[in-house]
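For reference, the structure is listed below as structure tokens.
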């Protein structure tokens, strides 16, 4: 069965710190890797990664996929209290199993003022 | 419109009640999904509809009954639920075979 592991499971930092969240996977066939931020309700989309080695950036957030070593990282620089959330990575399957996102357990990030 | 709208936002129901959760999107997405999320856990897939037809049922108990009346609407009918069914129920949509999933804000369900 496809497996996605996120680390660390929780992280506490202070405003201004830089954090790196990890997502490793054991999947034989996938279409893309997604990162979401979830506060109290809906997961909100951050990044979709399909190609290895190409960094995606959005403000203070950036992410990259390494298909050779089977992992992705999400970086957040100059963290703010509003970054406190659960960060989820998910794999989009290839083939006909679309919709069956395989989520990692999530990383709970807490940013203190 | 780039949103998935779910109603109600909160629902408390007894174990003998019948209720429905509703989900609507107007992005032209032809795949819609129901996920269940327990506290501090990732979302778990329940159902997938593709072109208004049920394509995946993840062995969900029959007390959960999905319905897709048209390409914009997705319902989840609830009957005789158990307290352990209390969770956040998330609807999502995407183009078929596309990775662009959009989640709704969810319905927080409590079964008493």
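Protein chains in written order, with this note's numbering: chain R, -19 to 93; chain S, 59 to 170. Just so it is clear, CB atoms sit at the ideal spot from N, CA and C, and this is done for glycine as well.
- The DSSP-derived three-state label of residue 59 (chain R) is coil.
- Contact between residue 83 (chain R) and residue 100 (chain S) holds, with the beta-carbon distance rounding to 3 Å and staying under 8 Å.
- The beta carbon of residue -15 (chain R) does not come within 7 Å of any beta carbon belonging to chain S, so the residue lies off that interface.
- Distance between residue 61 (chain R) and residue 111 (chain S), taken at the CA atoms: about 43 Å.
- In the structure shown, residue 141 (chain S) adopts helical secondary structure according to DSSP, grouped into three states.
- In this structure residue 82 (chain S) is buried. Its beta-carbon is surrounded by 16 or more other beta-carbon atoms within 10 angstroms.
- For residue 6 (chain R), the enclosing beta strand (DSSP E) stretches over residues -1 to 6.
- Residue 100 (chain S) has a beta carbon lying within less than 7 Å of a beta carbon in chain R.
- Here residue 60 (chain S) is exposed. Its C-beta has fewer than 16 other C-beta atoms within 10 Å.
- Remark: three or more beta-carbon pairs, one from each stretch, lie closer than 8 Å, so the stretch 25 to 33 of chain R and the stretch 155 to 167 of chain S are flagged as touching.
- Within the model, the alpha-carbon separation for residue 116 (chain S) versus residue 130 (chain S) is close to 22 Å.
- Within chain S, the residues whose beta carbon sits less than 7 Å from that of residue 84 (chain R) are 100, listed in sequence order.
- With a cut-off of 8 Å on Cβ pairs, the stretch 135 to 146 of chain S is in contact with the stretch 65 to 80 of chain S, counting three or more such pairs.
- Rounded to whole angstroms, residue 127 (chain S) and residue 21 (chain R) show a C-alpha spacing of 25 Å.
- Considering only beta carbons, the part of the stretch 102 to 121 of chain S lying closer than 7 Å to chain R consists of 103, 106 and 114, in chain order.
- Its Cα nearest to that of residue 91 (chain R), the residue R:-4 stands out among R:-4, R:-16, R:-17 and R:-13.
- In terms of Cα proximity to residue 113 (chain S), the closest of R:56, R:80, R:64 and R:-14 is R:80.
- If you compare the alpha carbons of S:107, S:64, S:166 and S:102 with that of residue 145 (chain S), the shortest gap goes to S:166.
- Measuring C-alpha to C-alpha distances from residue -14 (chain R) to each of R:48, R:15 and R:-6 identifies R:15 as the nearest.
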